[in-house]
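With our numbering applied, the sequence shown has no gaps in its numbers, which climb one by one up to 369 at the end.
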Amino acid sequence: MLSPGGRVHEPSPQENPLTERVLGAFSDYFSVTAFEMAQQVKWSTDGIEISEHALNGALAESRKDVQAILNRRGCSASGGKLTGIITFRVSRWCPIQLSNDLIENPLALKLNGLVPFALCLKYIFTIDIARLPQSITQEFHYNLLRRHTNQETLGLAYDMIEYHV
Numbered sequence: 205m206l207s208p209g210g211r212v213h214e215p216s217p218q219e220n221p222l223t224e225r226v227l228g229a230f231s232d233y234f235s236v237t238a239f240e241m242a243q244q245v246k247w248s249t250d251g252i253e254i255s256e257h258a259l260n261g262a263l264a265e266s267r268k269d270v271q272a273i274l275n276r277r278g279c280s281a282s283g284g285k286l287t288g289i290i291t292f293r294v295s296r297w298c299p300i301q302l303s304n305d306l307i308e309n310p311l312a313l314k315l316n317g318l319v320p321f322a323l324c325l326k327y328i329f330t331i332d333i334a335r336l337p338q339s340i341t342q343e344f345h346y347n348l349l350r351r352h353t354n355q356e357t358l359g360l361a362y363d364m365i366e367y368h369v
């Protein structure tokens with residue numbers, strides 16, 4: 205599991221891997237990832253703000269969801285399940301706020317789904333989103349934001365990506 209500095213910590217089976225330290229690192233990396241993605245498509249980062257309230261709320265809910273899985277199953281959750289939970293919660297809280305000049309940009313509107321997806325791939329599975337076929341990225345994002353999906357289904361998708369990439 206991600207820890208500050210990119211080191212991996214393997215939790216005991218019932219220990220919640222989403223510690224305050226891990227969630228703090230995720231929060232820091234989230235902002236960096238959002239701004240990097242904006243710069244890759246030549247947007248000014250002045251048009252993007254991160255709502256700490258929304259991001260922290262999503263991460264707090266993620267921690268509770270992981271704890272519920274651990275309590276219910278009595279064993280550890282896969283990396284896919286953890287990332288599915290985080291991606292689902294963060295995308296629903298929409299912590300990325302856009303300025304008026306970006307609000308009508310269809311690609312900018314996808315950031316609340318693409319950033320947690322790219323971040324989880326990079327820091328939990330060490331997979332660069334650029335390594336995935338564009339069709340996989342588009343399908344994942346479409347299902348995340350436009351279809352009825354849940355964190356468990358997203359977790360399975362992450363597990364399959366990890367297995368095949």
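C-beta atoms are modelled at their ideal positions from N, C-alpha and C, and glycine is treated no differently.
Contact check for PHE234 against THR287 fails: the beta carbons are separated by 9 Å or more. About 13 Å separates the beta carbon of VAL319 from that of THR249, a gap too long to meet the 8 Å contact definition.
HIS352 and MET241 have their C-alpha atoms roughly 26 Å apart. A direct Cα-Cα distance of roughly 37 Å separates ASN309 from ALA281. ALA312 and LEU302 have their C-alpha atoms roughly 8 Å apart. Taking 3 residues as the shortest admissible run, the region 278-304 contains the following complete beta strand (DSSP E) segments, listed from N- to C-terminal end: 300-302. Taking the C-beta atoms as reference points, ARG267 is found no nearer than 9 Å to LEU325. Put simply, of GLY278, PHE230 and ALA361 the residue whose alpha carbon is nearest the alpha carbon of LEU259 is PHE230. In the three-state DSSP reduction, ILE273 falls in the helix class (H, G or I).
For the pair TYR327 and ASN275, the Cα-to-Cα distance works out to about 25 Å. Taking ILE254 as the centre and dropping the five residues before and after it, the same chain places the C-beta of PHE234, SER235, ALA238, PRO299, ILE300 and GLN301 closer than 8 Å to its C-beta, in chain order.
The Cβ atoms of TYR367 and LYS285 do not sit closer than 9 Å to each other. Collapsing the DSSP output to three states places GLU256 in a helix.
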